[in-house]
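Asker: Next up is a structure, given as structure tokens.
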Amino acid sequence: MQSTRTFRDKLFLILKGLGMGAANKVPGVSGGVVAFVAGFYEEFIYSLKKVNKKAFALLFNGRFKSFYQYVNGRFLGLLFFGMIVSYFSVSKVLDYLIKYYELYVWSVFFGMIIGSIYYIYKDFNDWNYKTYTALLIGILLGVSISFLNPAKENDNLWFVFFCGIISVSGMTLPGFSGSFILILLGNYVLLLVDSVNALYDTGLEILTGNFSFINNPERIRMIKVLTVFTLGSVTGLVTFSHVLSYILKHYKSITISSIIGFIIGSLGVVWPWKKTIFKMNPNGEFLLDSRGEKIIENYQRYIPHLNKETYYAIAFVVLGILIVLALEWYGQKTRKLK
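The sequence shown begins at 2 in the numbering used here and counts up one residue at a time.
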């Protein structure tokens, strides 16, 4: 599988990683949807499944080339490289766009989710009472998640580890937004903003020969939190992939219908017309994160009035749908060429 990839395949795999990374950062959007629509979801899950006892045995015995080939290393490496680059670049642009053009960004996401539903639904023909039931359960779970109230921030390391396991679900389960779940768990800012900023600042200091962070208890705490969160994410990624690969193999139709339901249910989370609710202290003052930004608590959705802004938003919804259709067209063209 690895030897047949052309340079263009590798480049587009990195771009897909960029897309997954950006999607995973945004509350309400699932990186798994990107994988599903871009046509590499099953390869992603089955490659992660290869991270098992045999893989670790190869690694610890120094058989690095065999380990790399066994886990489909070129595929996973390029994909995760794109995700990492996205986290520190594309996602920063996304943060800026959401801050100043929030309605239009959410409109594009909303359109992409609609396009994703069409993309998955049109090729799925195994409808029966089991798959309809799975579809309904997926919709109900997706909708119910969007109405949950967020918890308070909690830096207990066992809870942080659990957050890592749960947050990575958005990469493996389309329609299930890991970052939105972190908001509900109260740890979005702690784990995806403050701890990452602490790592970034520490890295810059080390490059300049400054090791003063060793005497900074808060910095050490943040790095410890991020380390445990990362371990939880890796554990969740490998665990979910094994479970999903088994389910896809034995209950593929039910799994796909459930995923369609999840994605339909997630439309409530990415509904463009919503007011952001920020956390406030008892004195009515906004709580700020380490960057001086207001901390998101939840979203209040509303039905828009028909005006110029709404028409622009609808146009961006259409743009989102067209982006997904273009990805589908490219995927079909690539498969025909092969």
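Glycine included, C-beta positions come from ideal geometry on N, C-alpha and C. Keep in mind it's a predicted model, so treat the numbers as computed, not measured.
Taking only three categories from DSSP, how would you classify T173?
Answerer: Indexing the sequence shown from 1 puts residue 173 at position 172. Of the three classes helix, strand and coil, the one that applies to T173 here is helix, per DSSP.
Asker: Can you say whether G112 is buried or exposed, counting buried as having 16 or more other CB atoms within 10 angstroms of its CB?
Answerer: Along the sequence shown, read from residue 1 onward, the residue named residue 112 stands at position 111. By the neighbour-count rule (16 or more Cβ atoms within 10 Å), G112 is buried.
Asker: Can you name the residues that DSSP bridges to F287?
Answerer: Working through the sequence shown from its first residue, we reach residue 287 at position 286. Partner(s): M281.
Asker: Keeping to the same chain, check which residues put their C-beta closer than 7 angstroms to that of V319; ignore five residues upstream and five downstream.
Answerer: Taking the first residue of the sequence shown as 1, we reach residue 319 at position 318. For V319, where only same-chain residues beyond five positions count, the Cβ hits under 7 angstroms are G112.
Asker: For K66, which three-state DSSP category applies?
Answerer: For the purposes of this step, residue 66 is taken as the residue at position 65 of the sequence shown. Residue state, collapsed to three classes: helix.
Asker: Label A327 either buried or exposed according to how many other C-beta atoms from any shown protein chain fall within 10 Å of its C-beta, with 16 as the threshold for buried.
Answerer: Locating residue 327 in the sequence shown gives position 326, counting from the first residue. Exposed: under 16 other Cβ atoms inside 10 Å.
Asker: From L80 to L104, what distance separates their C-alpha atoms?
Answerer: Mapped onto the sequence shown, residue 80 falls at position 79. Mapped onto the sequence shown, residue 104 falls at position 103. For L80 and L104, the distance between alpha carbons rounds to 29 angstroms.
Asker: Tell me which residues share the same chain as S234 and place their Cβ nearer than 8 angstroms to its Cβ, disregarding the 5 neighbours each side in the sequence.
Answerer: On the sequence shown, position 233 is the one that residue 234 refers to. Counting only Cβ-Cβ distances below 8 angstroms, and skipping sequence neighbours, we find G165, I166, S168, V169.
Asker: By the three-class DSSP mapping on this structure, what secondary structure does K276 have?
Answerer: Residue numbering aside, residue 276 sits at position 275 when the sequence shown is read from its first letter. Looking at K276 - three-state DSSP - the assignment turns out to be strand.
Asker: Which class does Q3 belong to by DSSP, given the choice of helix, strand or coil?
Answerer: The residue you call residue 3 lines up with position 2 of the sequence shown. Confidence at Q3 is low in this model, with a pLDDT of 48, below 50, so the placement of that residue should be treated as unreliable; the coordinate-derived value is given next. Residue state, collapsed to three classes: coil.
Asker: Compare the beta carbon distance of L191 and V226 with 9 angstroms and say whether it is the shorter of the two.
Answerer: Against the sequence shown, residue 191 aligns to sequence position 190. Against the sequence shown, residue 226 aligns to sequence position 225. Contact flag set, yes.
Asker: Quick test of your reading: G98 and V106, contact by CB under 8 angstroms. State the CB separation rounded to the nearest angstrom.
Answerer: What you label residue 98 is simply residue 97 of the sequence shown in a count that begins at 1. What you label residue 106 is simply residue 105 of the sequence shown in a count that begins at 1. Note on residue identity: the sequence assigns Leu, not Gly, to residue 98. Contact flag correct, Cβ pair sits at about 5 angstroms.
Asker: Can you name the residues that DSSP bridges to R302?
Answerer: Position 301 of the sequence shown, counting from 1, holds the residue named residue 302. Paired residues: K275.
Asker: Round the Cβ separation of I261 and T173 to the nearest angstrom and send it over; I've been treating them as touching at under 8 angstroms.
Answerer: Along the sequence shown, one-based indexing puts residue 261 at 260. Along the sequence shown, one-based indexing puts residue 173 at 172. Not quite, the Cβ-Cβ distance comes to about 16 angstroms (not below 8 angstroms), so this is no contact.
Asker: On the DSSP letters alone, give me the boundaries of the alpha helix (DSSP H) that F61 sits inside.
Answerer: Walking along the sequence shown from the start, residue 61 turns up at place 60. Taken as a continuous stretch (DSSP letters only), the alpha helix (DSSP H) holding F61 covers 54-61.
Asker: Taking G18 as part of the alpha helix (DSSP H), name the residues at either end of that continuous run.
Answerer: Reading the sequence shown from its first residue, position 17 is the one you call residue 18. Segment 8-26, the alpha helix (DSSP H) holding G18.
Asker: Within this structure, are the beta carbons of I255 and S117 separated by less than 9 angstroms?
Answerer: In the sequence shown, counting from the first residue as 1, residue 255 sits at position 254. In the sequence shown, counting from the first residue as 1, residue 117 sits at position 116. No.
Asker: Should S246 be counted as a contact of the ligand FMN given a C-beta to heavy atom distance under 8 angstroms?
Answerer: As for the ligand FMN, it is missing from this structure, which has no ligand bound.
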